[in-house]
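A.B. asks:
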Amino acid sequence: MKKFRKVLDGLTTSSPGGTIGSPSCGSAAGTPTSAPTPKEIDVQETLVSENFQLCKTVRHGFPYQPTALAFDPVQKILAIGSRTGGVRILGRPGVDCYCQHESGAAVLQLQFLINEGALVTACADDTLHLWNLRQRRPAILHSLKFNRERVTFCHLPFQSKWLYVGTERGNTHMVNIESFILSGYVIMWNKAIELATKTHPGPVVHLSDSPKDEGKLLIGFESGTVVQWDLRCKKADFRIYYDEAIHSVSWHHEGKQFMCSHSDGSLTMWNLRNTTKPFQVTYPHGKIQRDGRKESCKPILKVEYKTSRSSEPFIVFSGGLSYDKAGRRPTLTIMHGKAITVLEMDYPIVEFMVLCETPYNNEVQEPSAVVVLLEKDLIVVDLTQSNFPVFENPYPMDVHESPVTCTAYFADCPPDIIPILYSIGAKHKKTGYSQKEWPISGGTWTLGSQTYPEVIITGHADGSIKFWDASAITLQMLYKFKTSKVFEKPKPGEGRAADLVEEDPFAVQMVSWCPQSRIFCVVGISAHIILYRFSKYDANTQIVCLDIRLQCESDDVITPSENENNPCFPEPGSHSPQAPHPASPSSGTPEGVKDSIPCLKVKDRVVRVPPGYQAELVIQLLWVDGEPPQQISTLDINSAYGLLAFGNCNGLAIVDYLQKTILLCMSTLDLYGASDPYQRLTRSPRRNRQSTSEFSMRGLSNFYSDSKKRIRTSYQSLTELSDNQQSIDMERSKSPTSAAAESRENSFSRSRSSSVSSIDRDTKEAITTLQFGESYGRKSDALPTPCLWVGTSLGVVVLIPMSIPTDQEERMEEAVTIGPCGTVLMLKGSVLRFGFLDCMGAVIQSPYEAWRDPNASEDPDRPRRRKLVNFSPSSSQDTCGDGHLAVVCSEKQAKVILMPSQSCLFVHNITESSFVLRADVVSACNSVCLACFCANGHVMTLSLPSLRPLMDVNYLPLTDMRIARTFCFTNGGQALYLSSPTEIQRITYSQEMCDNLQEMLGELFTPIETPEAQNRGFLKGFFGGNANTVDREELFGEASAGKASRSLAQHIPGQGGMEGMKVAAGGVVGDLARARIALDERGQRLGELEDRTALMMTSAESFSKHAHELMLKCKDKKWYQL
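Just so we're aligned, residue 750 is where the sequence shown starts under this note's numbering, counting upward by one.
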């Protein structure tokens, strides 16, 4: 614990132990301006570096670009592989684990070691990995890298220690699962086929052991050749040559026949008694044409043939539709007896798997469900009901239902907010799902001891908003509504919306939510804001619409001041609130040029709205002289004040949403009045329009996996979040209200790439952040008043005081007055975030209005009144007097200033080579800190108020647009971002949460006894023949098969082997690891003992030989002859 004491006497800035922040870390102590009176601020800082550690917690959503699927029928867990090398393992709700291959190679196939707590992954870099699932964070035990052959197919028989691996060359290898070493037993392709065959059979596409005899291996080649190989005799029992390419093979459980799916859309059934030709060929979707020929069909990519005791067998396959039916969606076909059911899917099918009751392939399978992995969804179909309903998916797989365009994260919400949102959302749930229990029910998960209400909000490209319950590192949908219902539907390809955005005019750009008052604001891509109130009752309402013309009269370019002594900031004069005024007369615009019209049309009639969030006010920016409105860059709302403020690159507007009036609408330049700190050159308005029209609306297309989705965003956001972490060449100057040293510190050059620097010079000073709060508008103020803090893209902080009537009736009738603006300070880079602390270092919360239902019936005797909750800076300052601390963070640096004296207490230069994308004042470890995320991927935390660096982790090597726009911090040391277009990654930077993470995560493996094989009975066993077993160890072991060539494959010990086992030392895995290590050591000692024993035996034999020769020599001699 460190104690920082700051004595402000108007001359010096000091602290115990020297200046806070050394020059090596880019910190410098700010030189304060003179305070009204000397003051002592006593802050006990408790945070130290040991309180912080960065780690991933959990990943939500659908696996991006899935490639493979596997299921453990005993443990009842599901694994999904992806193209980026990720593996998601799912069990019961709450059991959700994400693993990542370091190579990033696509996962081609997954194989569970059924009921063994392990998983084999085959990747596109021809490497096999063995994952240990008996720990909460799975780790790789072994890897096997093939050097000369490409892996195409893997098969692991149930309860077998040997994995069959097929390759592109047509060979089949055997891998020992325990040691992950290749066997010398290899089935070469030229031995599998007849010598008379002149063509190569192609890659191995199928491997399976016969249900009747484990010693028989069925090998399917791509060309249409199928071979049953006798593992004992090392020869082929039979060979099948078919004209069409094979995609998959599936056995009947008795092992007497099997089914193949082919590239011409046919299914062939083969009987082992006669393999010369199939005894049945069917084209399920191929009809006979008029000329008698079958219509050509698409390939059947996979087929599964499953038997049932009580009914006909199930034949499930994907594909096979006829080519002439264009536009049909991907299908899954279920053939049950004579009935054929075709299930149409929304996305292409990647893989499917039939779930059965038994893990034994020689028993009646009794299929219960089909898991269908689509490109963007996971569906489970119930096979036990004739109409084949789907199960309701308990996982949050629909995060990307419409592309996510923004996120917000709220921790420690009011405890009643989640139940009320869930109750409203439950009324709109879909019906018709299967009533049976979700079949993927493996693993165990319990609610952790440290849980508190957490809510994640996602905004989407179609204008929809989703609220998610994120408590206890889970994710569950609470409530959803669509902002597009506020507007009339735009006609495609025409109208005002078509000129602004091509496909998604309702896309959500940012959200602002007050959980206490339940007021919600949405900022849309079409330069619109919608204010919502929450109600438990439906209502008839007419939405009020305000149109604002926010456009600069002149185009301003900042130039370096010729005078070293910049003009100072005089006490600004009074500025009355302005109504929106046109930048130029609309009558002067050419005919056909759009002017004073919004991008979207709000419904102008009374509409019936359901319970939940109900739109009350819509604010739209208007077209000006044929120019579309610039997008809104920041927004803040305060329910206690009843005010809403927003800004863009043109200026600032303040709206009274209680009276539905516009209080202020002015350009950024007008905010300064006569105290503008920059010299500006007036440019031609036409030139400005050309540049802004070309670059004003781009960027959100980076969120979309589909390149056809294009939404234009402001050029400001595009340049600031570009991967070329460069910026405009611009000299900044500091007001002389601070010392000359600080003035020089704020004069800097931001260098971004030359390709955009010329364009960036044309951009205006934008409003980048806003924050309502109780503060001091002037240095002479004795009491705090409602204020609006304004931050700009040029690093200027402006404070706007306001006078708000306190009485409820007066508040609804009298106007809110805006006081004169005052510039507080300047920083390097765009201002990103404000935060307020009292003089004891605690966060000052913004005042808010307690929620009351606007549609509830009123009691005439007790009229409802607004209940305001105010957090005044002076309420907890009895010991240290009035005043508070303001934390200001920009792209480059952070400052802590004392109000009302506006003295700079601490300065820290966060980064020189990059720039901050996101910053927040958050609570962590019962204290507060400043958390920052930089464009170079660094996550940092700084103490408050001293701005000491506590943590700096290079978390992401490269930050793309999607991560930059969706990264957000919250209280409790947590953060999240969109790791892919379909997945949300949550992380923590709290050491305490990292320590408790093992307790919060679910267990993937639970000890379950393997079900016993069914007793087939004497007669059935006598006549039908039991499944013959084979000692694979005897066939493939080193003693009989020898060693494989070292150049064929390389064994790589996994990092999760011995080191990873030590992490799980308290569990079963730790015991197994220690046992394995002990066995290895014991084996080594036994080997050494065996060598010593062999030497002793050799010595003994030599001694015996010499003794025998001596005995023969002395046999006939007398004793005296010796």
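By construction, the Cβ of each residue, glycine as well, lies at the ideal position given by its N, Cα and C atoms.
#1: For T837, name the three-state secondary structure that DSSP assigns.
#2: Nearest-angstrom Cα distance between K984 and F820?
#3: Can you check which of these residues, G1751, F902, T1056, is closest to H996 by C-alpha distance?
#4: Would T1731 be called buried (16 or more neighbouring beta carbons within 10 Å of its own) or exposed?
#5: Which term fits L732, buried or exposed, when burial requires 16 or more other beta carbons within 10 angstroms of its beta carbon?
#6: Pick helix, strand or coil for D1627, following the three-state DSSP scheme.
#7: Helix, strand or coil for L1861? Go by DSSP, reduced to three states.
#8: Have a look at Y1286 and S852 and give me their C-alpha separation to the nearest angstrom.
#9: Helix, strand or coil for Q1747? Go by DSSP, reduced to three states.
#10: Scan the segment 913-960 and note each continuous beta strand (DSSP E) run of 3 residues or more that stays entirely inside, going in chain order.
#11: Can you give the beta carbon distance from R886 to G1191, rounded, assuming they're within the 8 Å contact cut?
#12: Anyone know if the C-beta pair for R1735 and Q1723 falls short of 8 Å?
#13: Pick out the complete alpha helix (DSSP H) segments inside the segment 1698-1765, 4 residues or longer, and give them in chain order.
#14: Report the CB separation of L1392 from D1405 in whole angstroms; it is logged as a contact under 8 Å.
#15: Going straight from the alpha carbon of S1652 to that of P1239, what length do you get?
#16: What does the Cβ neighbour count give for S892, buried or exposed, with the cut at 16 atoms within 10 Å?
#17: What does the Cβ neighbour count give for F1716, buried or exposed, with the cut at 16 atoms within 10 Å?
#18: Note down the Cα distance separating P772 from E1640, rounded to an integer number of angstroms.
#19: Mind checking R1042: buried by the 16 CB within 10 Å criterion, or exposed?
#20: E1514 and S1552 - do their beta-carbons sit closer together than 8 Å?
#21: Would you kindly report the start and end of the unbroken alpha helix (DSSP H) that includes R1282?
#22: Any idea which residues DSSP pairs S1382 with across the strands?
#23: Leaving aside the five residues before and after E1237 along the sequence, list all residues of the same chain whose C-beta is less than 7 Å from its C-beta, in chain order.
#24: Taking the alpha carbon of D791 as the point to measure from, which residue in W1019, S1059, P1694 has its own alpha carbon closest?
#25: Tell me the residue span of the beta strand (DSSP E) that contains Y1228.
#26: Going along the chain, which residues of its own chain have a beta-carbon closer than 7 Å to the beta-carbon of T1842, five neighbours each way excluded?
#27: For the segment 792-880, which segments carrying the beta strand (DSSP E) assignment without a break, of at least 3 residues, lie completely within its bounds, in sequence order?
#28: Do L862 and A719 come within 8 Å of each other at the CB atom, strictly closer than that value?
#29: Suppose you measure from the CA of L1647 to the CA of A1599; what does that come to, to the nearest Å?
#30: Return the CA-CA distance between L1532 and C1263, expressed in angstroms with no decimal places.
#31: Identify, in the order they occur along the chain, each residue of the same chain with its Cβ nearer than 6 Å to the Cβ of L1696, setting aside the five sequence neighbours on each side.
#32: Give the straight-line distance between the Cα atoms of G1035 and S1382, rounded to the nearest whole angstrom.
#33: Here's a check: name, in chain order, each residue in its chain whose Cβ is nearer than 6 Å to the Cβ of F1771, leaving out the five neighbours to either side.
#34: If I'm right that R918 touches E898 with Cβ under 8 Å, what's the distance once you round it to whole angstroms?
#35: Who are E1203's beta bridge partners in DSSP?
#36: To which residues of the same chain is I1128 closer than 6 Å at the C-beta, ignoring the five residues directly before and after it?
C.D. replies: From the atom records:
#1: For the purposes of this step, residue 837 is taken as residue 88 along the sequence shown, with counting starting at 1. Sequence inspection shows Arg at residue 837; the Thr mentioned does not correspond to that position. The answer is strand: DSSP assigns R837 an E or B state.
#2: Along the sequence shown, read from residue 1 onward, the residue named residue 984 stands at position 235. Along the sequence shown, read from residue 1 onward, the residue named residue 820 stands at position 71. Distance between the alpha carbons of K984 and F820: 32 Å.
#3: In the sequence shown, counting from the first residue as 1, residue 996 sits at position 247. For the residues G1751, F902, T1056, the minimum Cα distance to H996 belongs to F902.
#4: Counting from one through the sequence shown, the residue named residue 1731 turns up at place 982. When all chains shown are included, T1731 counts as buried.
#5: No answer is possible for residue 732: the residues shown for the chain start at 750 and end at 1871.
#6: Residue numbering aside, residue 1627 sits at position 878 when the sequence shown is read from its first letter. Note that D1627 has pLDDT 47, beneath the 50 cutoff, so the model's placement of it is unreliable and the number below is only indicative. D1627 falls in the coil class under three-state DSSP.
#7: The residue labelled residue 1861 in the question sits at position 1112 within the sequence shown. Here L1861 sits in helix by DSSP.
#8: By 1-based counting over the sequence shown, the position of residue 1286 is 537. By 1-based counting over the sequence shown, the position of residue 852 is 103. One C-alpha to the other measures close to 54 Å.
#9: Numbered from 1 along the sequence shown, position 998 holds the residue referred to as residue 1747. Q1747: helix per DSSP, three-state reduction.
#10: 921-925, 931-936, 953-958
#11: Along the sequence shown, one-based indexing puts residue 886 at 137. Along the sequence shown, one-based indexing puts residue 1191 at 442. Their Cβ separation, rounded to whole angstroms, is 17 Å, which puts R886 and G1191 out of contact at 8 Å.
#12: Within the sequence shown, the letter at position 986 stands for residue 1735. Within the sequence shown, the letter at position 974 stands for residue 1723. A contact, by the Cβ cut-off of 8 Å.
#13: 1710-1715, 1740-1749
#14: Residue mapping note: residue 1392 aligns to position 643 of the sequence shown, counting from 1. Residue mapping note: residue 1405 aligns to position 656 of the sequence shown, counting from 1. That belief holds up - the Cβ atoms of L1392 and D1405 are roughly 6 Å apart, short of 8 Å.
#15: Mapped onto the sequence shown, residue 1652 falls at position 903. Mapped onto the sequence shown, residue 1239 falls at position 490. Approximately 52 Å between the Cα atoms of the pair.
#16: Taking the first residue of the sequence shown as position 1, residue 892 is located at position 143. S892 comes out buried.
#17: The residue labelled residue 1716 in the question sits at position 967 within the sequence shown. F1716 should be labelled buried.
#18: Taking the sequence shown and counting its residues from 1, the one referred to as residue 772 is at position 23. Taking the sequence shown and counting its residues from 1, the one referred to as residue 1640 is at position 891. At P772, the pLDDT of 34 sits below 50, so the modelled position is not reliable; the number obtained from the coordinates is stated separately. Taking the straight line joining both Cα atoms gives about 19 Å.
#19: The residue labelled residue 1042 in the question sits at position 293 within the sequence shown. Per the 10 Å Cβ criterion, exposed.
#20: Taking the first residue of the sequence shown as position 1, residue 1552 is located at position 803. Taking the first residue of the sequence shown as position 1, residue 1514 is located at position 765. Result no, Cβ atoms of S1552 and E1514 do not sit closer than 8 Å.
#21: In the sequence shown, residue 1282 corresponds to position 533, counting from 1. R1282 -> not in any alpha helix (DSSP H); beta strand (DSSP E) instead, spanning 1277-1284.
#22: Against the sequence shown, residue 1382 aligns to sequence position 633. None; S1382 has no bridge partner.
#23: Here the question's residue 1237 lines up with position 488 in the sequence shown. Result list for E1237: K1350, K1352, in chain order.
#24: Reading the sequence shown from its first residue, position 42 is the one you call residue 791. Considering only alpha carbons, the answer is P1694.
#25: For this step, residue 1228 is matched to residue 479 along the sequence shown. From DSSP, the beta strand (DSSP E) with Y1228 extends over 1225-1231.
#26: Here residue 1842 corresponds to residue number 1093 of the sequence shown, with the count starting at 1. The answer is none, since no qualifying residue turns up.
#27: 801-810, 815-821, 826-831, 835-839, 845-849, 856-862, 867-872
#28: The displayed coordinates of the chain run from 750 to 1871. Any statement about residue 719 would go beyond what the structure contains.
#29: Here residue 1647 corresponds to residue number 898 of the sequence shown, with the count starting at 1. Here residue 1599 corresponds to residue number 850 of the sequence shown, with the count starting at 1. Cα to Cα, L1647 sits roughly 30 Å from A1599.
#30: Mapped onto the sequence shown, residue 1532 falls at position 783. Mapped onto the sequence shown, residue 1263 falls at position 514. For L1532 and C1263, the distance between alpha carbons rounds to 26 Å.
#31: Along the sequence shown, read from residue 1 onward, the residue named residue 1696 stands at position 947. Around L1696: A1643, F1655, H1657.
#32: Position 286 of the sequence shown, counted from the start, is the residue given in the question as residue 1035. Position 633 of the sequence shown, counted from the start, is the residue given in the question as residue 1382. Near 57 Å, if we compare the C-alpha coordinates of S1382 and G1035.
#33: Along the sequence shown, read from residue 1 onward, the residue named residue 1771 stands at position 1022. In this prediction, F1771 scores a pLDDT of 48, lower than 50, which makes its location untrustworthy; the coordinate-derived value is nonetheless stated afterwards. No residues qualify anywhere along the chain.
#34: Counting from 1 along the sequence shown, the entry for residue 918 is found at position 169. Counting from 1 along the sequence shown, the entry for residue 898 is found at position 149. That belief holds up - the Cβ atoms of R918 and E898 are roughly 5 Å apart, short of 8 Å.
#35: As a working note, residue 1203 is residue 454 in the sequence shown. In DSSP, E1203 forms a bridge with A1160.
#36: To locate residue 1128, count along the sequence shown from 1; it is residue 379. Only V1121, V1139 meet the Cβ criterion.
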